[in-house]
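In full-length UniProt numbering, the protein residues as written are 1 to 455.
1. Reducing DSSP to helix, strand and coil, say where residue 367 ends up.
2. Does the stretch 30 to 48 come close enough to the stretch 329 to 343 to have 3 or more Cβ pairs within less than 8 angstroms?
3. Over the uninterrupted beta strand (DSSP E) stretch that includes residue 23, give me the two end residues.
4. Alpha carbon to alpha carbon, how far is residue 184 from residue 219? Give it in angstroms, no decimals.
5. Apart from the five residues just before and just after residue 54, which ones in its own chain have a Cβ nearer than 8 angstroms to its Cβ?
6. Under DSSP, the alpha helix (DSSP H) around residue 129 begins and ends at which residues?
7. Indicate whether at least one CB of chain D lies closer than 8 angstroms to the CB of residue 270.
8. For the structure I just gave you, are there three or more beta carbon pairs, one from the stretch 399 to 418 and one from the stretch 224 to 235, closer than 8 angstroms?
9. Is it right to say residue 25 is buried, meaning 16 or more other beta carbons lie within 10 angstroms of its own, or is it exposed?
10. Which of helix, strand or coil does DSSP assign to residue 386?
11. Looking only at its own chain, which residues have a Cβ that is under 6 angstroms from the Cβ of residue 360, when we skip the five neighbours before and after it?
12. According to the neighbour-count rule (16 or more other Cβ atoms, all chains shown, within 10 Å of its Cβ), is residue 153 buried or exposed?
13. Would you kindly check if the distance between the Cβ of residue 143 and the Cβ of residue 196 is under 8 angstroms?
14. Mind checking which residues open and close the alpha helix (DSSP H) that includes residue 449?
15. Is residue 435 helix, strand or coil when you go by DSSP?
16. Skipping 5 residues on each side, what residues in its chain have a beta carbon closer than 7 angstroms to that of residue 140?
17. Between residue 199 and the rest of its own chain, which residues show a CB-CB distance below 6 angstroms, the 5 nearest in sequence each way excluded?
18. State buried or exposed for residue 122, treating a residue as buried only when at least 16 other CB atoms are found within 10 Å of its CB.
19. Span of the alpha helix (DSSP H) holding residue 135?
20. Given residue 61, which residues of its chain have a CB within under 7 angstroms of its CB, disregarding the five upstream and five downstream residues?
21. Alpha carbon to alpha carbon, what distance is there between residue 288 and residue 241?
22. Three-state secondary structure (DSSP) at residue 347?
23. Consult DSSP for residue 114 and reduce its assignment to one of helix, strand or coil.
24. I need the boundaries of the alpha helix (DSSP H) containing residue 74, first residue and last residue.
25. Note down the Cα distance separating residue 134 from residue 124, rounded to an integer number of angstroms.
26. How many angstroms separate the CA atom of residue 502 from the CA atom of residue 179?
27. May I ask you to list the residues that DSSP assigns as paired with residue 197?
28. For the beta strand (DSSP E) containing residue 38, name the first residue and the last one.
29. Given this structure, state the Cα-to-Cα distance separating residue 298 from residue 137, to the nearest angstrom.
30. Please report the Cβ distance between residue 460 and residue 365, rounded to the nearest whole angstrom; I am assuming they are in contact, meaning their Cβ atoms lie under 8 angstroms.
31. Go ahead and pull the three-state DSSP assignment for residue 412.
32. So, with DSSP's three-state summary, where would you put residue 334?
33. Have a look at 352, 398, 300, 354 and flag the residue whose alpha-carbon is nearest the alpha-carbon of residue 329.
34. Pick from 429, 392, 362, 416: whose alpha carbon is nearest that of residue 381?
35. Can you tell me whether residue 280 is helix, strand or coil according to DSSP?
36. Determine the DSSP secondary structure at residue 456, reduced to helix, strand or coil.
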């Protein structure tokens, strides 16, 4: 497959002429440059937003919901046609195993388009008879909205190709990409007077900055931020299932996922055998190029993220955690310059350690014992985050009690990280606010309008 080149990508992204603002898109498995992207700047953002505003007012706003639905179904079909190509590009840019990119990421992307296509014409108007006044509430699209996307699911190369595909279906300038690294492009988007809503996915620190900037213009925001997710295994849990899911959840997307099972909390009576069996699983993981079908764990997304993860491993050791197991790194020549960090199991982690409290966003999982239900869920909630959590138990009453006790927006029982379209994705506390993947999302991206007429 031939990858899109810089000239190709420049035809469907908004960019400036300053060559010092070019972005090298690297293959994290090899360290090689895949292609180069010309970044945008504040003037580019202004051009893009004004073009989108024109597209909105001239046609998109007047489309019936059924017409938008038909277009979204066509988008899904177009993306599905290019599914293998998108999986390959995502693997090369992100580093994750290609089979995961195809089975999960691309399929989920297509599913999102089909889900919203199926409900976008079903947002109901509301009618109220108040005697002297007959009231109607209906929903109108906000207008131009911007999405600021994270590095762990790369928007630059893969996202640009996605937009190129969408542009074959959608009216001109309905969807656009402005590449950028650093604050210039996001800040220009958030502050633009024609931008009516902002969606940000990324770190809690950056999310706070986005919210602060947006507050100056009273622009509503959707924030999907960090997580330090508790994975609680009670004494009566299905032992083998809990170990298997912990391994999958910790190293999915090489741990660069806000939903990663980064904190394992294990009942003390299961602790030693759990650590032993999990360690055996970690040692069997194969790190390598995601294009190799035998690869389980790919490289970190960048050299900087690799350095951060390696530093956290050393920090954990310095804090007194025990390195129980590490996966072997690839010995292939092509991977010698890749951004790999070994999949690492840190045991005997205490709640005052930084590796217990901070989101590491990489190939590290920590394990901590607890004595009883109250102790376990006190540990689980001892974090600034509240995105996801899981509990493993065969007792349905204990499971119900656990779900109520956990301070998380999403809680899995005896399974992990199985997102279901139509259910609200989002967190509590410093993990953000608003919800994605549900009909409530449509309401958030619309403006409610009330009208009253004499009864």
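Cβ coordinates follow ideal geometry from the N, Cα and C atoms, glycine included. Computed from a predicted model, the values in this text were never measured in an experiment.
Here's the rundown:
1. strand
2. yes
3. Following the DSSP letters along the chain, one finds residue 23 inside the beta strand (DSSP E) bounded by residues 22 to 26.
4. 18 angstroms
5. Here the set comprises 173.
6. Not the alpha helix (DSSP H): residue 129 falls in the beta strand (DSSP E), residues 126 to 129.
7. This model lacks chain D altogether, as it is built from one protein chain only.
8. yes
9. buried
10. strand
11. 312
12. buried
13. yes
14. Residue range 446 to 454 is occupied by the beta strand (DSSP E) that includes residue 449, with no alpha helix (DSSP H) assigned at that position.
15. coil
16. 446, 447, 449
17. 147, 222
18. exposed
19. Where residue 135 is concerned, there is no enclosing alpha helix (DSSP H), although the beta strand (DSSP E) it sits in stretches over 133 to 141.
20. Only residues of its own chain outside the window of five on either side were considered, and among them 141 have a CB closer than 7 angstroms to the CB of residue 61, listed in chain order.
21. Going from the Cα of residue 241 to the Cα of residue 288 covers about 26 angstroms.
22. Three-state DSSP puts residue 347 in a strand.
23. helix
24. Residues 65 to 81.
25. 17 angstroms
26. Not covered by the structure: residue 502. The range shown for the chain is 1 to 455.
27. According to DSSP, which records beta bridges pairwise, residue 197 is partnered with 145.
28. 33 to 38
29. 49 angstroms
30. In this structure the chain extends from 1 to 455, so residue 460 is not present and cannot be described.
31. strand
32. DSSP places residue 334 in helix when its eight states are reduced to three.
33. Measuring from the Cα of residue 329, the nearest candidate turns out to be 300.
34. 429
35. helix
36. The shown model of the chain, from 1 to 455, leaves out residue 456, and the question about it has no answer.
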